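Accompanying notes for the structure given below.
Protein chains: 6
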Amino acid sequence: MTDRDLTLADVVALLVESGDSGPASHRYSEDVPMPSVEILTSIVEDLRTVLFPGYFGTSEITPDTMPYYIGAKLDKIERQLADQINRGYCFVCDKTKTDRCTNCIERSKELARQFITKLPMIRQLLLSDVEAAYDGDPAAKTHGETIFCYPSIRAMTNHRIAHELYKLEVDIIPRIIGEMAHSDTGIDIHPGATIGKSFFMDHGTGTVIGETCVIGDNVRVYQGVTLGAKSFPKGDDERLIKGLPRHPMVEDDVIIYAGATILGRITIGRGAVIGGNVWITRDVPAGAQIVQSRALQQSFIDGGGI
Amino acid sequence: MTDRDLTLADVVALLVESGDSGPASHRYSEDVPMPSVEILTSIVEDLRTVLFPGYFGTSEITPDTMPYYIGAKLDKIERQLADQINRGYCFVCDKTKTDRCTNCIERSKELARQFITKLPMIRQLLLSDVEAAYDGDPAAKTHGETIFCYPSIRAMTNHRIAHELYKLEVDIIPRIIGEMAHSDTGIDIHPGATIGKSFFMDHGTGTVIGETCVIGDNVRVYQGVTLGAKSFPKGDDERLIKGLPRHPMVEDDVIIYAGATILGRITIGRGAVIGGNVWITRDVPAGAQIVQSRALQQSFIDGGGI
Amino acid sequence: MTDRDLTLADVVALLVESGDSGPASHRYSEDVPMPSVEILTSIVEDLRTVLFPGYFGTSEITPDTMPYYIGAKLDKIERQLADQINRGYCFVCDKTKTDRCTNCIERSKELARQFITKLPMIRQLLLSDVEAAYDGDPAAKTHGETIFCYPSIRAMTNHRIAHELYKLEVDIIPRIIGEMAHSDTGIDIHPGATIGKSFFMDHGTGTVIGETCVIGDNVRVYQGVTLGAKSFPKGDDERLIKGLPRHPMVEDDVIIYAGATILGRITIGRGAVIGGNVWITRDVPAGAQIVQSRALQQSFIDGGGI
Amino acid sequence: MTDRDLTLADVVALLVESGDSGPASHRYSEDVPMPSVEILTSIVEDLRTVLFPGYFGTSEITPDTMPYYIGAKLDKIERQLADQINRGYCFVCDKTKTDRCTNCIERSKELARQFITKLPMIRQLLLSDVEAAYDGDPAAKTHGETIFCYPSIRAMTNHRIAHELYKLEVDIIPRIIGEMAHSDTGIDIHPGATIGKSFFMDHGTGTVIGETCVIGDNVRVYQGVTLGAKSFPKGDDERLIKGLPRHPMVEDDVIIYAGATILGRITIGRGAVIGGNVWITRDVPAGAQIVQSRALQQSFIDGGGI
Amino acid sequence: MTDRDLTLADVVALLVESGDSGPASHRYSEDVPMPSVEILTSIVEDLRTVLFPGYFGTSEITPDTMPYYIGAKLDKIERQLADQINRGYCFVCDKTKTDRCTNCIERSKELARQFITKLPMIRQLLLSDVEAAYDGDPAAKTHGETIFCYPSIRAMTNHRIAHELYKLEVDIIPRIIGEMAHSDTGIDIHPGATIGKSFFMDHGTGTVIGETCVIGDNVRVYQGVTLGAKSFPKGDDERLIKGLPRHPMVEDDVIIYAGATILGRITIGRGAVIGGNVWITRDVPAGAQIVQSRALQQSFIDGGGI
Amino acid sequence: MTDRDLTLADVVALLVESGDSGPASHRYSEDVPMPSVEILTSIVEDLRTVLFPGYFGTSEITPDTMPYYIGAKLDKIERQLADQINRGYCFVCDKTKTDRCTNCIERSKELARQFITKLPMIRQLLLSDVEAAYDGDPAAKTHGETIFCYPSIRAMTNHRIAHELYKLEVDIIPRIIGEMAHSDTGIDIHPGATIGKSFFMDHGTGTVIGETCVIGDNVRVYQGVTLGAKSFPKGDDERLIKGLPRHPMVEDDVIIYAGATILGRITIGRGAVIGGNVWITRDVPAGAQIVQSRALQQSFIDGGGI
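Protein chains in written order, with the numbering used here: chain A, 467 to 772; chain B, 467 to 772; chain C, 467 to 772; chain D, 467 to 772; chain E, 467 to 772; chain F, 467 to 772.
Okay, structure coming up:
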């Protein structure tokens, strides 16, 4: 029987058969659906209205009415987030191997409550990022413009939210929040990455920052920069060992130009400047300035490369 | 008369005049509207619910109810897809030059029917991609996480759907499905590209895979990788010759790091490793390891480049 | 008191306190809300239906009905755009320092009116871009396909609209329109960039074109190309001097391959070809062909880089 | 086996079995779906914007732009209506008994085209209804208020549209348009009813006007009035004979107060006044004034009635 | 202090104070929100697609695909309905007085499961109502038209669903489903009313059928008919005694014309015909024909009434 | 030329011609669009969440969070309502005859502010209506059920809002709010009607309460009751004199049964009971009990009526 001869009923049967076990299908814990990208998007948009009131959401805000709006949003966010945290917890939960399901709803509520208390601190960090964007881009005419339009601020808002949830050991939700920003801005920051204050990514498309990166204060990177892993040690089971520190450490005041690829647990020293399109897999000393080898002028038809 | 003096009626007249012939406006075949990006988006989302039941769409699925959900979705998909295939066919149809319009509705239904029979095979390939993502990324904690969150799986789902439609010689629809993934993930794979099993693109933003690429099994590429064309031969009419093989062939087990640019109908041999940011326009032997020339430490103010 | 002890009321109070002054919150001019990304999206989509009738919007258009559709859309666009222009004006307006608020509504209407008169010219430029896309990509089978599917045409439509608004000194709205295309396509063109006719960006993801770039006719660039600034002179107040010419000038008939990084107020001479992944910070003469230094074959484990 | 023991699969089987033949399920003619209440609603709303420009739809209309808006709407309406007319035709089509399916798409387009030419006349009739509402209700302060708010004008707009379609022998669509108004306003006018100019229904809820009613000019009715049928002659097959004249004829200048029930093919003569809550099944002469028998004052507990 | 002097904060305080206790505000049981009218509307629309496949929802249904569609819908309905049943249960639950909350989720699932098994029986009853509508209205041209357009079938679908839920002692949800039909059609049937087969309400607006009515087979009623209660005995606490039989019993084959008001626990005997606008509070014998007293012709200015 | 020969352009021209003057089209005051039924609907829904917190809108409300939710909603309502009030004002404004346009925006804001201060009083009245519904309907099991489901409470919420706006002399907006309830519930109360506390309309469909009605406390009416005008005096210009008292006065503790029609400036005395389907145009003394004349048992074929 060729594919062409399959009836609808045959195709259904084949898909059910191969979907009935293994990772193809997800059978969720009773009454707890998958995390909802749609609701998480709404939660993050609500957080934007709380962190930058007047720029997002109902735009007319006065000192008199700000408490009402922030209070109402926070209460809504806390409840919705608790539910999503619980869904994420159940999503990764393997009931056959664990008994951790006790009190997972209460635990999720407690985590959401703790997250809310981090918001004033997140606001302070984001304000330092806004200042860095305004100071770092000659095209920026006002601070407000960077808040409302800049991919860097949008991505860092998602990241600083996701990172706090990551530190609270929330499952999968931080990753989803990071991927939202990735899809919107082309900036891919793993929620585990530690990033200091006053961070600015100009343009940003294609920039990747790995899970175990540690980035200092006042760092500026451009589009297409990779701070990635180089080697992937395997354990005795021939599977990757997960969770090892494997991404670069970037000290304060570093600048990294477009398209640089920096791999491995190396250190880029304080104040170093990395030129565009370079490939770096070893430590760079503080204050160093690294650029690509001089390009060649030659007949293009003969080609470059090896 | 300067632009400033134009009235609304003048602007309308100028736009109608310049839009009345040439490519500016599209006058579709009677009763057959343009393909709908909105409906195609819905079709692809429905296909995700069929290929990975429980992860997308109605999340509670049991062995008892899976046949109902898959059967109902497939029937809906088949009908909607047949309509879109027909729209695509009419979109590129030049009635003045051809008489191919006979039976185009029947033909579209037959193509949609054939496509449906490919789904079990597409599922198998995607499961190998899921395994590759889980095996290739130390940050991946479960298989389910890669299905639900990873741009690589999202883009490959679109690609494997689009590629089957491309092989069925469906017009334009495969390209639209590819561009959807491009917009969502920054990964641009032409539907014509042939890709083996267990393919993984980590991060992926900015990766480009051209129409005539042939990629083997177990290949891993990172963000910003280009597998492109180098030269564009023209025919006697001074127009590009379309359809020639012009993109790289990548054999099994190759790894290509971030930002590598590989152009032309060359071969990257089995098991080769291509470092980041290199520019390659000649064959690379099996097992080779290619990296960029050593970068220079120098005064940044004096600049690199030529 | 640790974060954990904060009540909802405490968090509200902290957020109100730190949001009540400084850039964290926006207090808009009376009765003029923030620009709306949603409405601007709708305006740009409506402009697409006017510039390429039959491809977007109501798809059945005949010579008889085209004037009605174009006239009705233009009237709607003009009114909605005038309102958004006014919102943008008020967004950047610092009432404490200026008295420019007189007649801002009338001024916005006049600017919207002028913009409408530029549309026939924008159409002509876009048709040259369509021709360039069709001529430059062997995978393009019809002109219509490039209009309907290609990120380059989508991004250039946004850019040519945004650039005219930029020339009319409209505040912030051009930037928002540029960022919409950036999010959709990964192509980041500052509205200030001057771009000649017949411009084509193949694939395009990660390409960045800065505010003061001047690009000639018949230029083709690939994905991940940066035309950026290199140095950022500061004024006496230790702040960046804004508005200086600081990005490359690219003459007619230049081709720039994927991932090239070209920085500073340099000139890429007529007909030059820039290979992929190079870093250029000095002038390139007309007709030159520049490629990266030859890559090295070596043990990957030992690594490249410095 | 009791109901309680039925499994999901059993219920599915029972529903499929009883739905597979008879009127329970509808199997539509190939490729022609059911009429869409949603699209018909949108068509009628679009017609309101054409009949009363500036009150509905884009509200800013000037003499300069009115032709664009009306032209664009009419073109859209004509195409959408043609499709719905065709769906309606196929809905009632019994292919086993007829060969009328030839050219049904062309026929539907012609009917939609003819309907469009009736709109100027429909406008004139509705303007007379507006005048009647303004003149007949002491609470009406402007003509515009009756157009924008009054159920009578809303219901009559639907009716005058539906009645023209009924006269063109369009199937089922007129009835759907009538039921939309019925649901919105509680006024149930069969599309077949013939109604003269300057008709006003104050309040209107519960008023019913039957298929073969003939109503003159300047008639006013209140809520809860029934102009219905009294007897239903059956044919030899013991089924109702359909299509016979069976509803009242109401001559010019009649007023009918709330709750009157008037049944059968009788005539209410010119200028008659019918009081509330009466039951009339015989002719009423011109100029007559009919009221209910005097009510009784009595102990309510003992009750009225027979 | 007059109302005019109240600040926003004052109004908030007053509303919080008066809303903090008593019936003004609802404080729901933990984690169980109010029943959702929106979701219940969607459930009922889904039930329509199951009861009358092809008329509602995805309209192309074949014998091959019907099981998939019905199975998928039923599974979705059962889960959504179980959740709404639980919400309704919690809405009326007074935790301070009862311990009935044990297992309320399980109980709700069981009730939803039982409801699903009633659907084949509900289908049979509705088909008898369709037949009655077709037989009873000379304006009905096909059975399908009555299913798709007639308020009577729409209202009876809601009622027969709601009545089964009422019999299962589901709280409040049946009432909400009844009120949906009331708002759509103006027909107000209490879910408790017992109605035999082949029931038809022509036009229907304003018809009211009370909680304890018992209606036989083949009954036909017109618009504005009330089958209501007359007296409301109070208990020792001076509150109404709830749940007593207090509405009419209508035997088989009765016809009741428009606007008749029939009150109290009386019996309308088999085959009786009740004329329009009468007021009846005593039994009517089988076969009787009741009409209003003869109306008077008199000067309207002098008025009727007492 | 018959209708059939009209082209699209002809129809456009005819509609423009007849719509260019007279009441057919509305040309609104510059920059002030028509009132928006959609936004007014949202305002009224928001008011429901403020008046009955927890029943409508975000359902989880606690004493701690209630001030935030109510404060945020009230601020939003006040601003949106001010804009709608201004639109209504401009809608009825005849600029050619008046100079009242000065400060109309400020005036609208002041009226919205005043309206907000009435909400605590409106809450009190509605709570009395809730009590009346619970006490008056044996089918009501809880107070909450009447708030969430009963048309009477829905209609009275709209009415008590609309009536306060009417007293503030807001143009047309009160009428629109009244018509919303009319469409939803079939209950048509003119915003001008004065209604005391503890008012209950059971079922309600078809009930009409006119502009100058004055209704006391503890009144109960059933469906289909009309409290209307009887005569319409005309002025010297042969036009109706608008604004005269012309509807009934209903004293405390009156009950009016279904379908009663009560017309003219008469008084229904305290405690009177009006039976169903009567027609009353003269005063009814306190305590009277009025019922319809005894109906007749006769041959239906011979008919009743005159």
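Just so it is clear, CB atoms sit at the ideal spot from N, CA and C, and this is done for glycine as well.
Model, not experiment: these values are computed from the prediction.
Proximal residues of chain E, C-beta to C-beta of residue i below 9 Å
| i | result |
| --- | --- |
| D530 of chain A | T473, L474, A475 |
| G737 of chain D | Here the premise fails: no neighbours, minimum Cβ distance about 11 Å. |
Within-8 Å CB hit, residue i to chain B
| i | result |
| --- | --- |
| I772 of chain A | At I772 of chain A the pLDDT is 38, less than 50, meaning the model places this residue with poor confidence and gives no usable figure here. |
| F518 of chain A | no |
Nearest neighbour of residue i, chosen from the options [CA to CA]
| i | options | result |
| --- | --- | --- |
| T524 of chain D | C:F522, C:Q689, C:L540 | C:L540 |
| T727 of chain B | C:L693, C:K700, C:A752, C:Y688 | C:Y688 |
| I642 of chain D | D:V503, D:V558, D:I732 | D:V503 |
| L577 of chain C | C:A548, C:S594, C:G554 | C:A548 |
| T531 of chain E | B:T733, B:Y521, B:K542, B:E526 | B:K542 |
| H609 of chain E | E:R553, E:A621, E:S594 | E:S594 |
| S649 of chain B | C:N624, C:C615, C:R626, C:A598 | C:C615 |
Range covered by the beta strand (DSSP E) that runs through residue i
| i | result |
| --- | --- |
| G694 of chain F | 692 to 694 |
| L729 of chain A | 727 to 729 |
| Q580 of chain C | Looking at the DSSP string, Q580 of chain C is not in any beta strand (DSSP E); the run it does join, the alpha helix (DSSP H), is 570 to 583. |
Where the alpha helix (DSSP H) through residue i begins and ends
| i | result |
| --- | --- |
| T524 of chain B | Neither: T524 of chain B is in no alpha helix (DSSP H) and is coded neither H nor E. |
| Q455 of chain F | Nothing in the structure corresponds to residue 455 of chain F, since chain F is present only between 467 and 772. |
Chain-ordered neighbours of residue i on chain B, where CB pairs are closer than 9 Å
| i | result |
| --- | --- |
| R589 of chain C | L480, L481, S484, G485, A490 |
Residues that residue i contacts on chain D, provided the C-beta gap is smaller than 8 Å
| i | result |
| --- | --- |
| C615 of chain E | I638, R641, I642, E645 |
CB contact check: residue i to chain C, cutoff 8 Å
| i | result |
| --- | --- |
| T583 of chain A | yes |
Below-8 Å beta-carbon distance, residue i vs any chain A residue
| i | result |
| --- | --- |
| G753 of chain E | no |
| E677 of chain C | yes |
Chain D contact residues for residue i, given Cβ-Cβ distances below 7 Å
| i | result |
| --- | --- |
| D541 of chain C | T531, Y534 |
Chain F residues whose Cβ lies nearer than 8 Å to that of residue i
| i | result |
| --- | --- |
| G707 of chain E | According to the sequence displayed, residue 707 of chain E carries Ile and not Gly. The answer, in chain order, is P604. |
Beta carbon proximity, residue i to chain D, threshold 8 Å
| i | result |
| --- | --- |
| S759 of chain F | yes |
Chain A contact residues for residue i, given Cβ-Cβ distances below 7 Å
| i | result |
| --- | --- |
| G523 of chain F | Correct list: empty, because the minimum Cβ distance to chain A is about 10 Å. |
Partners in chain F for residue i, counting only beta-carbon separations shorter than 9 Å
| i | result |
| --- | --- |
| R712 of chain E | P604 |
Proximity test, Cβ basis, 8 Å: residue i and chain E
| i | result |
| --- | --- |
| A538 of chain A | no |
8 Å Cβ cutoff, residue i in contact with chain F
| i | result |
| --- | --- |
| R579 of chain A | no |
| A695 of chain E | yes |
Residues that residue i contacts on chain C, provided the C-beta gap is smaller than 8 Å
| i | result |
| --- | --- |
| R514 of chain D | Here the premise fails: no neighbours, minimum Cβ distance about 16 Å. |
Taking a Cβ distance cut-off of 7 Å, strictly less, list which residues of the stretch 645 to 675 of chain A are near chain C, in chain order.
Shown in chain order are the members of the stretch 645 to 675 of chain A whose Cβ falls below 7 Å from a Cβ of chain C: D650, T651, G652, H669, T671, G672.
What residues in the stretch 544 to 559 of chain A bring their beta carbon closer than 7 Å to a beta carbon of chain F?
Of all residues in the stretch 544 to 559 of chain A, the ones placed with a Cβ closer than 7 Å to any Cβ belonging to chain F are R545, in chain order.
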